[in-house]
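Below is one structure, written out as structure tokens; the observations come after it.
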Amino acid sequence: MEPEKDEEAPKIGVYVCRCGGNISDVVDVERVAKTIAEMEGVAISKVHTFMCSDPGQSMIVEDIKKESLNRVVVASCSPFLHELTFRNAVQRGGLNPYLYDHVNIREQGSWAHKSDPEGATAKAIRLIAAGVEKVKHAEPLERIRLSNHQRALVLGGGAAGMKAALELARRGIPAVIIDKNAELGGHIKEWGKLFPTDEDGQTLAARLRSEVEAEKDIEVIAPAKVTKISGFVGNYDVAFERLGEGGKPGEEAKLTVGAIIVATGFEPYRPAEGEFGYRKTPRVMTMPEFIAWAGSQPNGRLTLDGREVRRVGFLHCVGSRQIEGVHKPQPDGRVNTYCSRVCCSTVLNQAVQVRKRFPSVSVLDFHQDIRSYGRGHEDYYIEASNRGVAFFRYHGDEPPEVATDAEGLVRLRMKDYLTWGEEIEASMDVLVLAVGMTPSPIGDLIDMLKLATGHDRFLQEVHPKLRPVESSVNGVFLAGTAQAPMTLEEALCSAGAAAAKAAALLGSEYVEVDPFVARVDEAKCTGCERCVEECAYSGAIVMVEKETEGGGKVKKAEVNAGLCAGCGACVAVCPTRAIDLRGWSLKEFDSMVDGLVSAAERLAAK
Amino acid sequence: MASDYSPLILVLATSSCAYPGADEVGKAHLEYSPNIHVVRVPSPVLFPTDFYLRCYMRGVDGILIASCGSDCPYTSAYEKLAKRIDALTTLMKEGGLEMERVRLTAICTVCIKAFLKEVGQMEEQLRPLGPVDRAKAEALWEKAIKELEEQAHTKAA
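The following block contains the structure:
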């Protein structure tokens, strides 16, 4: 490899993060920093408890200025969490943000080598040494500016989707809602009084719907289905199909948007046949079924199958907080270990309503725990207790057994831990299964957008605390229960946040994307055209005629940054190494390998 | 030596699939050998044959190429990559480098078990081989560089 031309000597700042013990409980970070400090080109090597905190970031900014650093390496968590954070810090220090390398010593260090602190420490040294050698060859890069389609697509027209679209339109950003159903409103329009305000779901949905209809900057396309999404932030091409009667495919059309908000919501958990007696008797029903049925009954007397209902039971945690080995796995082999967050307060709300509307009906509540965690939710618990609702508590690994008795009534048996494990048996006219939330079936969309999902199958954000409504795909945001079980308040709050994020992105006429595309060193290019032949993106690399110093003409390869996808296929076939990927040059990779291997050799020699 | 020999392994992991997949393993607090180093790349399709040979020459014992497989976000990159690795293994075989030192696989963003299986198997198949023969690798690397120089002034076929 030839020597670097007129490059200033590297003065690298290396920062090793403890991550509040997440890293330093396993990796000896002080030893790591000390070892790295001995490397050529490293000006300072420090440790901090939380590099991503304000003081941690300020330390980088100040050191760059004070020590005239010209390169920075941070060794902390995965680059997907904080690479951008530290690039921005480097920029605030006055350096080009790409003169930075991020080393992962948490997800691929302390967490993956917990029982081997010595091995994890040595690995951290090797990885940081690789990062230091790599960053020596980093070049200042400018982000690529592309035109931005200042319009957003909202997928799903439930409460969260409508709220997101309204927030966008009110900031002057046009929004398009696509929903599979003809009428917007999602699930809430099927529900009665909602906690914690006792507002009617249908009324609330109608209010949101009329606001959406009145907003000139919102276009509603429903019923319709998205069939294809391509492109990138600022420039998403979306193909969709309007649906005819009975969901039959109809007219196809396309639109282009700059950002996408995924508000595809949830589906209530569907119990399997026979799960707590479900579908074995019409007297066992899910919460949505109960709300629809009870809502249609006149106040005073409740009858089912021509028989007066005297006792209603509510069973918590159906389809939630499942335990492997106790509950039957879902079709994908997993159990739903998560808490659905809304069922407890829903049960308490419905229990109170039953007692108010049908005073002769007694109510039984079978729970593992009661999680009435939200503001105003506890009031429902107090009111339910005051109105004589009887509570029974089972253990998660001993779910109640449900059967039908000779009279056709529902019989429930369980061990009650409010009475120290007494076996109880209760018969009732109706048993309501408080079913949890499961994600909507949006596999197609997940594939199209390459979205990340969690172990619970819900969509996953970049960071639960720091970037809670952003997906890992640039320009795609998450709103409402597509992300996780939420109450209506929480879903609307998340929709507002997603809309604010999308509006900030779409407020500008252009978007900036990472500059990691191919570039050609004209001096080295011999015009052999191997790169053009290898490239899969039409027009991304072309041969252009250039004048030589002697007045002759030669053909040289030229990259169109807007069309280059940055895969690097051209790099491997260039015989003179005239092509490289910006930010991922072969020289940077070679240096990483050198840094890693030399550190390994030094460590072995000690 | 033989019993505690732990091969130095590089995992060339795609930024959109295998790298986040490796992160998931850590997030689940599942363990693998600390001698396994994951290097983030947009797509391993960018590496020419001599890159791999240079790694061996420098003392890397094995390279696991963790691609996106059929989930590859780049048009036809996976097919090209597979061809390149084919050519590399042929070359290694001719030059006396064990083919077990390179392995092409696909790891998705949540493929925790697949990642652990792949790196575990890689380690198992490398351990009996012992450290890489750096001289053989260097000879092959020199040959590859020479070939490049010859190509430099010929047009694409």
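Protein chains in written order, with the working numbering: chain A, 1 to 606; chain B, 1001 to 1157.
We treat Cβ as the ideally placed atom computed from N, Cα and C, and that holds for glycine.
Inset, instruction - Just confirm the distance between the C-beta atoms of V14 (chain A) and V29 (chain A), as a whole number of angstroms; I'd bet it's less than 8 angstroms. - result: As a working note, residue 14 (chain A) is residue 14 in the first sequence. As a working note, residue 29 (chain A) is residue 29 in the first sequence. Contact doesn't hold; Cβ gap of about 11 angstroms is too wide.
Inset, instruction - Could you please tell me which residues of the stretch 111-129 of chain A, in chain order, have their CB closer than 7 angstroms to any CB of chain B? - result: Within the stretch 111-129 of chain A, W111, A112, H113, K114, S115, D116, G119, A120, A122, K123, R126 and L127 place their CB atoms closer than 7 angstroms to a CB of chain B, listed in sequence order.
Inset, instruction - Please state if the CB of L412 (chain A) and the CB of V318 (chain A) are separated by a distance shorter than 9 angstroms. - result: Taking the first residue of the first sequence as position 1, residue 318 (chain A) is located at position 318. Taking the first residue of the first sequence as position 1, residue 412 (chain A) is located at position 412. Taking 9 angstroms as the Cβ cut-off, V318 (chain A) and L412 (chain A) do not qualify as a contacting pair.
Legend entry - Strand pairing of P249 (chain A), partner residues [DSSP]: Within the first sequence, residue 249 (chain A) is the residue found at index 249, counting from 1. P249 (chain A) is bridged to A:L243.
Legend entry - Beta-carbon proximity of V27 (chain A) to G109 (chain A), cut-off 9 angstroms: Taking the first sequence and counting its residues from 1, the one referred to as residue 27 (chain A) is at position 27. Taking the first sequence and counting its residues from 1, the one referred to as residue 109 (chain A) is at position 109. Judged by beta-carbon spacing, G109 (chain A) lies within the 9 angstroms limit of V27 (chain A), meaning their Cβ atoms are closer than that value.
Inset, instruction - Leaving out five residues on either side along the sequence, give the residues of the same chain with a beta carbon under 8 angstroms from the beta carbon of K5 (chain A). - result: As a working note, residue 5 (chain A) is residue 5 in the first sequence. In this prediction, K5 (chain A) scores a pLDDT of 48, lower than 50, which makes its location untrustworthy; the coordinate-derived value is nonetheless stated afterwards. Taken in chain order, the list of residues that qualify is empty.
Inset, instruction - Look up L1064 (chain B) in the DSSP assignment and give the residues it is bridged to. - result: As a first step, residue 1064 (chain B) must be located in the second sequence, where it is residue number 64. For L1064 (chain B), which the question treats as bridged, DSSP gives the partners B:V1011 and B:R1103.
Inset, instruction - Name, please, each residue of chain A whose Cβ falls closer than 8 angstroms to the Cβ of C1111 (chain B). - result: For this step, residue 1111 (chain B) is matched to residue 111 along the second sequence. Those within 8 angstroms of C1111 (chain B) in chain A number zero; the least Cβ separation is about 13 angstroms.
Inset, instruction - Kindly indicate which three-state DSSP category F314 (chain A) falls into: helix, strand or coil? - result: Translated into the one-based positions of the first sequence, residue 314 (chain A) becomes position 314. If DSSP states are grouped into helix, strand and coil, F314 (chain A) belongs with the strands.
Inset, instruction - Starting from the beta carbon of R1058 (chain B), find every residue of chain A whose beta carbon is closer than 7 angstroms, and list them in chain order. - result: As a position in the second sequence, residue 1058 (chain B) is number 58, starting the count at 1. Within 7 angstroms Cβ-Cβ: V593, D594 and V597.
Inset, instruction - For A565 (chain A), return the contacting residues in chain B, with the cut-off set at a CB-CB distance below 7 angstroms. - result: Looking up residue 565 (chain A) in the first sequence gives position 565. Within chain B, the residues whose beta carbon sits less than 7 angstroms from that of A565 (chain A) are Y1074, listed in sequence order.
Inset, instruction - Classify M414 (chain A) as helix, strand or coil using the three-state DSSP reduction. - result: Position 414 of the first sequence, counting from 1, holds the residue named residue 414 (chain A). For M414 (chain A), the three-state secondary structure derived from DSSP is strand.
Legend entry - Run of the alpha helix (DSSP H) containing H82 (chain A), from where it starts to where it stops: As a position in the first sequence, residue 82 (chain A) is number 82, starting the count at 1. That run of the alpha helix (DSSP H) goes P79 to R92.
Inset, instruction - Check each candidate in A:V544, A:E545 and A:E529 and name the one with the smallest Cα separation from C570 (chain A). - result: Stepping through the first sequence from its first residue, residue 570 (chain A) is reached at position 570. Of the candidates A:V544, A:E545 and A:E529, the one whose C-alpha sits nearest the C-alpha of C570 (chain A) is A:E529.
Inset, instruction - Give a yes or no on whether 9 angstroms exceeds the smallest Cβ distance from L1046 (chain B) to chain A. - result: Residue numbering aside, residue 1046 (chain B) sits at position 46 when the second sequence is read from its first letter. With 9 angstroms as the cut-off, L1046 (chain B) counts as an interface residue toward chain A.
Inset, instruction - Tell me the start and end of each unbroken beta strand (DSSP E) in the stretch 496-540 of chain A that is at least 3 residues and wholly inside, in chain order. - result: Whole beta strand (DSSP E) segments, 3+ residues: 510-513 and 518-520.
Legend entry - Beta-carbon contacts of P1007 (chain B) that lie in its chain and below 7 angstroms, excluding the five residues immediately before and after: Your numbering for residue 1007 (chain B) matches position 7 in the second sequence. Taken in chain order, the residues that qualify are N1035, D1061, G1062, E1123, L1126 and R1127.
Inset, instruction - List the residues of chain A that P1034 (chain B) touches, going by C-beta distances under 7 angstroms, in chain order. - result: Counted from its first residue, the second sequence places residue 1034 (chain B) at position 34. Those within 7 angstroms of P1034 (chain B) in chain A are H113, D116, G119, A120, A122 and K123.
Inset, instruction - Can you pull the chain B residues whose beta carbon is under 8 angstroms from the beta carbon of T576 (chain A), in chain order? - result: Position 576 of the first sequence, counted from the start, is the residue given in the question as residue 576 (chain A). Here the neighbours are L1148 and A1152.
Inset, instruction - Find the residues of chain A that neighbour E1031 (chain B), judging by a C-beta separation of less than 8 angstroms, and give them in chain order. - result: Counted from its first residue, the second sequence places residue 1031 (chain B) at position 31. Neighbours of E1031 (chain B) on chain A, chain order: A112, H113, K114, S115 and D116.
Inset, instruction - Taking only beta-carbon positions, decide if G109 (chain A) is within less than 9 angstroms of chain B. - result: For the purposes of this step, residue 109 (chain A) is taken as residue 109 along the first sequence, with counting starting at 1. Cβ-Cβ to chain B under 9 angstroms: yes for G109 (chain A).
Inset, instruction - Put G274 (chain A) into one of helix, strand or coil per three-state DSSP. - result: As a working mapping, residue 274 (chain A) is identified with position 274 in the first sequence. Note: G274 (chain A) maps to coil in three-state DSSP.
Legend entry - Straight-line Cα distance separating T1105 (chain B) from E1118 (chain B): The residue given as residue 1118 (chain B) occupies position 118 in the second sequence. The residue given as residue 1105 (chain B) occupies position 105 in the second sequence. It is roughly 8 angstroms from the alpha-carbon of E1118 (chain B) to the alpha-carbon of T1105 (chain B).
Inset, instruction - Starting from the beta carbon of R106 (chain A), find every residue of chain B whose beta carbon is closer than 8 angstroms, and list them in chain order. - result: The residue given as residue 106 (chain A) occupies position 106 in the first sequence. Correct list: G1026.
Inset, instruction - Could you run through the stretch 1119-1150 of chain B and flag, in chain order, every residue whose CB is less than 9 angstroms away from some CB of chain A? - result: Under the 9 angstroms Cβ criterion, the stretch 1119-1150 of chain B contributes E1147, L1148, E1149 and E1150.
Legend entry - Whole-angstrom distance between G333 (chain A) and G325 (chain A), CA atom to CA atom: Locating residue 325 (chain A) in the first sequence gives position 325, where the first residue counts as 1. Locating residue 333 (chain A) in the first sequence gives position 333, where the first residue counts as 1. Distance from the CA of G325 (chain A) to the CA of G333 (chain A), rounded to the nearest whole angstrom, comes to 11 angstroms.
Legend entry - Beta-carbon proximity list for T227 (chain A), same chain, < 8 angstroms, skipping 5 on both sides: Taking the first sequence and counting its residues from 1, the one referred to as residue 227 (chain A) is at position 227. Excluding five sequence positions before and after T227 (chain A), the CB atoms of its chain that fall closer than 8 angstroms to its own CB belong to A239, F240, E241 and E252, given in chain order.
Legend entry - Proximal residues of chain C, C-beta to C-beta of S78 (chain A) below 7 angstroms: The structure shown contains no chain C; the protein chains it does contain are A and B.
Inset, instruction - Can you tell me the Cβ-Cβ gap for G1021 (chain B) and V1132 (chain B), rounded? I've got them flagged as a contact below 8 angstroms. - result: Here residue 1021 (chain B) is taken as the residue at index 21 of the second sequence, counted from 1. Here residue 1132 (chain B) is taken as the residue at index 132 of the second sequence, counted from 1. With a beta-carbon spacing of about 26 angstroms, G1021 (chain B) and V1132 (chain B) fall beyond the 8 angstroms limit used to define contacts.
Legend entry - Distance CB(D521 (chain A))-CB(A561 (chain A)) smaller than 9 angstroms: Taking the first residue of the first sequence as 1, we reach residue 521 (chain A) at position 521. Taking the first residue of the first sequence as 1, we reach residue 561 (chain A) at position 561. Taking 9 angstroms as the Cβ cut-off, D521 (chain A) and A561 (chain A) do not qualify as a contacting pair.
Legend entry - Cβ of K1093 (chain B) within 9 angstroms of any chain A Cβ: As a first step, residue 1093 (chain B) is located in the second sequence; it is residue number 93 there, counting from the start. With 9 angstroms as the cut-off, K1093 (chain B) does not count as an interface residue toward chain A.
Legend entry - Residue-level contact to chain A via CB, R1054 (chain B), 9 angstroms cutoff: Counting from one through the second sequence, the residue named residue 1054 (chain B) turns up at place 54. At least one chain A Cβ lies under 9 angstroms of R1054 (chain B).
Legend entry - Beta carbon of V430 (chain A) nearer than 9 angstroms to that of R311 (chain A): The residue you call residue 430 (chain A) lines up with position 430 of the first sequence. The residue you call residue 311 (chain A) lines up with position 311 of the first sequence. For V430 (chain A) and R311 (chain A), yes; Cβs fall inside 9 angstroms.
Legend entry - Reference K216 (chain A); option with closest CA among A:G172, A:V532 and A:G234: Reading the first sequence from its first residue, position 216 is the one you call residue 216 (chain A). When the alpha-carbon of K216 (chain A) is set against those of A:G172, A:V532 and A:G234, the nearest one is in A:G172.
Inset, instruction - Please check if any C-beta of chain B sits within less than 9 angstroms of the C-beta of C528 (chain A). - result: For the purposes of this step, residue 528 (chain A) is taken as residue 528 along the first sequence, with counting starting at 1. Output row for C528 (chain A): interface = yes.
Inset, instruction - Answer yes or no: do A205 (chain A) and L596 (chain A) have a C-beta to C-beta separation smaller than 9 angstroms? - result: Translated into positions along the first sequence, residue 205 (chain A) becomes position 205. Translated into positions along the first sequence, residue 596 (chain A) becomes position 596. Cβ distance not < 9 angstroms, so A205 (chain A) and L596 (chain A) don't count as in contact.
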